[in-house]
């Protein structure tokens with residue numbers, strides 16, 4: 201097994217830097233508004249590129265797809281969505297990565313119509329989704345004549361009775377999912393054209409919000425911080441996930457193939473997920489993770505995977521989970537500070553080798569509880585923003601690559617508006633998130649009482665992956681049977 205020794209060499213200084221970083225991070229937030237706002241190290245890294253160039257990873261672009269039966273007009277999108285978003289500093293300015301600030305465009309003021317483009321298709325929803333995925337890697341940082349690093353792509357479907365979409369494409373250097381959800385919730389309206397009722401809890405991550413350090417003594421807290429620091433600094437030197445058919449492409453020489461495919465998961469009622477959560481005594485995230493875990497397990501079984509058969513419950517298959525941190529509501533309401541990257545990746549075992557659904561959910565619950573009880577997320581954020589700037593770029597990129605390549609997937613779950621709403625005056629039918637990453641990625645998002653999701657993956661590496669949506673539902677059905685929860689009619693087929 202190849203081992204990267206960089207984290208071990210940094211360990212001694214890293215523990216001290218990490219502990220100091222947490223303290224500096226917590227106390228420095230109070231006076232940041234008094235200084236000219238700079239891009240964080242996380243934001244700069246996302247702009248420069250988090251991975252070595254030879255990994256061939258595309259720009260980190262969040263693609264939020266909004267689907268319609270009746271597409272809003274381009275002029276409505278420009279006036280009601282793009283125009284108001286240009287009031288946000290990072291959405292009207294251009295990142296200057298060398299100076300770590302956002303500057304005015306050389307064009308001067310940016311017009312709304314410069315950030316909207318349109319393509320036309322004629323076909324079913326499958327063609328629409330294929331078109332969205334094909335446009336995911338379209339660059340935003342170069343070749344656009346000094347425009348801000350975002351746009352809205354309108355995909356107009358001329359086939360009768362078929363949906364169209366607006367895809368909000370934002371470079372990750374601008375901000376994270378929680379910041380973007382907050383901004384868009386201010387622009388969306390209810391079907392009666394009233395402002396959406398905002399929910400402050402939507403912008404808090406439970407993994408970042410909860411910490412058992414509040415209940416421990418000083419010595420215990422110190423040991424907890426040291427353990428978290430060691431965990432974060434050595435994560436890129438841990439064993440690679442086991443070489444199953446699902447994870448075999450993840451190794452020390454992996455690279456982005458340049459082509460991605462996506463499978464859209466069947467829509468699931470959010471209330472059903474909440475009923476499962478209540479009966480199993482876990483969280484919504486636990487339920488969704490268990491469904492994804494089952495899908496991976498069942499896929500490996502269908503592929504007659506010998507590694508799964510040999511190792512069974514001892515198999516290692518981990519996900520990287522983006523963890524967003526709480527932010528002040530006043531900060532979210534201030535258009536000069538609302539956009540930011542205040543998040544990090546946390547490693548979590550998926551329990552893929554568990555053949556029993558109850559054992560699977562118990563495994564996941566134990567892992568997510570550990571995430572909440574240990575300050576690993578806070579420590580990871582502190583290290584990457586305080587220690588990271590002093591590490592040479594190539595070492596930082598290699599460490600990120602080594603961390604990702606040892607895991608099997610990235611899994612996200614984003615809370616969307618709880619009620620049906622309008623986007624630029626048109627009723628939103630459904631939503632999806634797409635993110636073209638180095639690893640296989642599963643993106644889940646709730647909207648108007650439903651959970652939507654997809655898996656986006658290397659088209660050359662996962663044969664027969666079109667069954668993932670069916671296997672994801674199969675996992676939820678197994679959970680319902682195990683915990684005696686009534687299946688919704690749409691899942692009874």
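In the numbering used here, the protein residues as written are 201 to 693. Note that the Cβ used here is the ideal one computed from N, Cα and C, for glycine as well. Values in this document were obtained by computation on a predicted structure and should not be read as measured data.
Item, Value
"CA-to-CA distance, residue 519 to residue 637, given in whole angstroms", "13 Å"
"Cβ pair residue 447, residue 608 closer than 8 Å", "yes"
"Sheet register partners of residue 623 (DSSP bridge)", "626"
"Segment limits, alpha helix (DSSP H) that includes residue 256", "Neither: residue 256 is in no alpha helix (DSSP H) and is coded neither H nor E."
"Residue 508 (DSSP reduced to helix, strand or coil)", "helix"
"DSSP-derived helix/strand/coil call for residue 654", "strand"
"Residue 357 to residue 556 span [Cα, whole Å]", "44 Å"
"8 Å Cβ cutoff met for residue 730 and residue 476", "With the chain running from 201 to 693 in the structure shown, residue 730 is simply not present."
"Nearest candidate by alpha-carbon position, reference residue 386, set 361, 508, 529, 302", "529"
"Closest residue to residue 393 among 625, 681, 661 (Cα-Cα distance)", "625"
"Contact set for residue 679: own chain, Cβ-Cβ below 8 Å, skip 5 residues either direction", "476, 480, 487, 490, 491, 557, 561, 685"
"CA-to-CA distance, residue 559 to residue 705, given in whole angstroms", "With the chain covering 201 to 693 only, the question about residue 705 has no answer from this structure."
"Rounded distance between the beta-carbons of residue 444 and residue 507, thought under 8 Å", "5 Å"
"Sequence-distant residues of its chain with Cβ nearer than 6 Å to residue 687 (five each side left out)", "680"
"Where residue 332 falls, given that 16 or more other Cβ within 10 Å makes a residue buried", "buried"
"Residues of its chain near residue 531, where Cβ-Cβ distance is below 6 Å and the 5 sequence neighbours each way are ignored", "537"
"Straight-line gap, residue 651 to residue 264 (C-alpha atoms, nearest Å)", "14 Å"
"Option in 278, 280, 305, 275 with minimal Cα separation from residue 289", "305"
"Secondary structure of residue 301, DSSP reduced to three states", "strand"
"Contacting residues, own chain, Cβ-Cβ under 6 Å from residue 668 (five flanking each side not counted)", "463, 495, 655"
"Assigned secondary structure, residue 389 (DSSP; H/G/I helix, E/B strand, else coil)", "strand"
"Integer-rounded CB distance, given that residue 370 should sit under 8 Å from residue 177", "What is shown of the chain runs 201 to 693, which leaves residue 177 out entirely."
"Contact with chain D by residue 615, beta-carbon distance below 8 Å", "In summary, chain D is missing from the structure at hand, where a single protein chain is found."
"Length of the line joining the Cα atoms of residue 689 and residue 422", "51 Å"
"Boundaries (first-last residue) of the alpha helix (DSSP H) holding residue 247", "241-248"
"Spatial neighbours of residue 683 in its chain, beta-carbon cut-off 6 Å, leaving aside the 5 residues before and after", "479, 480"
"Which of helix, strand or coil DSSP assigns to residue 516", "coil"
"Neighbourhood of residue 204 by C-beta, 6 Å cutoff - its chain only, sequence neighbours within 5 removed", "Any reading at residue 204 must be qualified, since the residue scores a pLDDT of 45, below 50, and its modelled position is unreliable; the value itself is stated next. The answer, listed in chain order, is 436, 437, 602."
"Contact check, residue 617 vs residue 246, beta carbons under 8 Å", "no"
"N-terminal and C-terminal residue of the alpha helix (DSSP H) that residue 494 is part of", "484-502"
"With 16 other Cβ atoms within 10 Å as the buried cut-off, status of residue 590", "exposed"
"Terminal residues of the alpha helix (DSSP H) in which residue 478 lies", "470-480"
"Contact check, residue 611 vs residue 521, beta carbons under 8 Å", "yes"
"Residue 529 (DSSP reduced to helix, strand or coil)", "helix"
"Backbone secondary structure at residue 565 - three-state DSSP", "helix"
"Beta-carbon proximity list for residue 250, same chain, < 6 Å, skipping 5 on both sides", "600"
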